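Engineer: Going by this note's numbering, the first residue of the sequence shown is number 9, and it counts up by one from there.
From the three backbone atoms N, C-alpha and C, an ideal C-beta is built for every residue, glycine too.
In this text, all values refer to a predicted model and were calculated from it rather than measured experimentally.
Quick one: the structure is below, and I'll ask about it shortly.
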Amino acid sequence: MHRIEELEEKERVANESVEGLMMDIAAAEEEITRWKSAAEQEAAAGRAVEQEFLAQVCFAKMIQGF
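Put into C-alpha coordinates, the structure is as follows:
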(Lines of atoms letter the chains of each structure in order from A and count residues from 1; the text may use other names and numbers.)
(Lines give C-alpha, C1' and ligand atoms only; values in the text may rest on other atoms or scores of the structure.)
Protein backbone atom coordinates (compact mmCIF):
# COMPACT_ATOMS: atom_id res chain seq x y z
CA MET A 1 0.00 0.00 0.00
CA HIS A 2 2.89 2.34 0.78
CA ARG A 3 4.24 1.88 -2.77
CA ILE A 4 0.90 2.93 -4.26
CA GLU A 5 0.97 6.13 -2.20
CA GLU A 6 4.51 6.85 -3.39
CA LEU A 7 3.47 6.37 -7.00
CA GLU A 8 0.41 8.55 -6.54
CA GLU A 9 2.59 11.29 -5.07
CA LYS A 10 5.02 11.01 -7.98
CA GLU A 11 2.10 11.24 -10.39
CA ARG A 12 0.79 14.35 -8.61
CA VAL A 13 4.22 16.01 -8.73
CA ALA A 14 4.60 15.10 -12.41
CA ASN A 15 1.17 16.53 -13.19
CA GLU A 16 2.04 19.77 -11.42
CA SER A 17 5.27 19.93 -13.37
CA VAL A 18 3.43 19.41 -16.65
CA GLU A 19 0.92 22.12 -15.73
CA GLY A 20 3.76 24.51 -14.97
CA LEU A 21 5.45 23.71 -18.26
CA MET A 22 2.20 24.21 -20.16
CA MET A 23 1.82 27.64 -18.55
CA ASP A 24 5.42 28.48 -19.51
CA ILE A 25 4.75 27.40 -23.09
CA ALA A 26 1.59 29.51 -23.27
CA ALA A 27 3.48 32.55 -21.96
CA ALA A 28 6.29 31.96 -24.47
CA GLU A 29 3.78 31.70 -27.32
CA GLU A 30 2.24 35.02 -26.27
CA GLU A 31 5.69 36.62 -26.19
CA ILE A 32 6.50 35.21 -29.63
CA THR A 33 3.25 36.65 -30.98
CA ARG A 34 4.10 40.08 -29.56
CA TRP A 35 7.62 40.01 -31.02
CA LYS A 36 6.33 38.81 -34.39
CA SER A 37 3.78 41.62 -34.51
CA ALA A 38 6.44 44.18 -33.59
CA ALA A 39 8.78 42.82 -36.27
CA GLU A 40 6.03 42.97 -38.90
CA GLN A 41 5.27 46.57 -37.94
CA GLU A 42 8.96 47.48 -38.17
CA ALA A 43 9.19 45.83 -41.59
CA ALA A 44 6.14 47.73 -42.81
CA ALA A 45 7.60 50.99 -41.54
CA GLY A 46 10.87 50.19 -43.31
CA ARG A 47 9.04 49.51 -46.56
CA ALA A 48 7.20 52.84 -46.23
CA VAL A 49 10.49 54.69 -45.70
CA GLU A 50 11.99 52.91 -48.70
CA GLN A 51 9.01 53.85 -50.89
CA GLU A 52 9.23 57.49 -49.79
CA PHE A 53 12.96 57.51 -50.53
CA LEU A 54 12.43 56.03 -53.99
CA ALA A 55 9.70 58.58 -54.71
CA GLN A 56 12.06 61.40 -53.74
CA VAL A 57 14.83 59.96 -55.92
CA CYS A 58 12.46 59.74 -58.89
CA PHE A 59 11.29 63.29 -58.26
CA ALA A 60 14.88 64.54 -58.03
CA LYS A 61 15.76 62.80 -61.30
CA MET A 62 12.68 64.28 -62.94
CA ILE A 63 13.61 67.79 -61.80
CA GLN A 64 17.17 67.37 -63.11
CA GLY A 65 15.72 66.50 -66.52
CA PHE A 66 14.09 69.92 -66.87
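Starting from methionine 70, trace the alpha helix (DSSP H) in both directions and tell me its first and last residue.
Structural biologist: 10-73 is the extent of the alpha helix (DSSP H) around methionine 70.
Engineer: What does the alpha-carbon distance come out to for the pair isoleucine 71 and alanine 47?
Structural biologist: Using only the alpha carbons, I get a separation of about 36 Å.
Engineer: Who are the near neighbours of glutamate 17 in its chain, counting only those whose CB is closer than 7 Å to its CB and skipping five residues on each side?
Structural biologist: Contacts found: none.
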